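In the working numbering, the protein residues as written are 669 to 806.
Glycine residues also receive a C-beta, built at the ideal position from the N, C-alpha and C atoms.
Since the structure is predicted, the reported quantities are computational estimates derived from the model, not experimental observations.
Before any comments, here is the structure.
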């Protein structure tokens with residue numbers, strides 16, 4: 669009687685401690701990229717809302733998030749399922765959140781230093797700096 673109980677406990681702990689990601693769950697690297705983009709979009713959207721109070725935060729966020737899902741070729745359902753999975757696995761979620769934090773800190777440092785560029789990003793040309801200020805005569 670005791671041997672089956674020990675076997676079940678060992679089996680339970682080995683399965684629960686496994687780092688194998690189930691089918692239908694985004695790998696940690698992809699989840700990190702999606703969460704990073706979502707956080708950046710959320711901050712940008714909050715800035716827009718402060719400037720234009722007619723915009724509605726939930727509606728605008730949903731629009732941004734849908735574009736992010738398209739960019740990463742995932743659905744909202746896949747993101748929600750993956751997010752829920754990682755929340756239930758704090759060991760894996762911690763790695764993802766630490767990675768997101770490191771990426772955002774690095775980008776912030778690059779922005780402060782002036783070394784962040786858009787040259788490797790698609791459609792980054794529309795954000796090129798101009799030497800002319802709006803309303804100035806040149």
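Residue i: first and last residue of the uninterrupted alpha helix (DSSP H) it sits in
| i | result |
| --- | --- |
| residue 708 | 696-719 |
Residue i, DSSP secondary structure in three states
| i | result |
| --- | --- |
| residue 757 | coil |
| residue 781 | helix |
| residue 745 | helix |
| residue 726 | helix |
| residue 792 | Caution applies to residue 792, whose pLDDT of 43 falls short of 50 and renders its modelled position unreliable; the model cannot decide the point. |
| residue 691 | coil |
Pairwise C-alpha distance: residue j and residue i
| i | j | result |
| --- | --- | --- |
| residue 703 | residue 773 | 14 Å |
| residue 755 | residue 729 | 21 Å |
| residue 765 | residue 705 | 13 Å |
| residue 748 | residue 780 | 33 Å |
| residue 744 | residue 751 | 10 Å |
| residue 768 | residue 694 | 15 Å |
| residue 782 | residue 716 | 23 Å |
| residue 727 | residue 719 | 16 Å |
| residue 692 | residue 731 | 24 Å |
Original post:
Between the segment 758-774 and the segment 697-704, do three or more beta carbon pairs fall short of 8 Å?
Top reply: The answer is yes - the segment 697-704 touches the segment 758-774, with three or more Cβ pairs under 8 Å.
**OP:** May I ask you to verify whether the segment 734-743 touches the segment 705-712, counting CB pairs closer than 8 Å and requiring at least 3?
**Re:** In this structure the segment 734-743 touches the segment 705-712; the number of beta carbon pairs closer than 8 Å is three or more.
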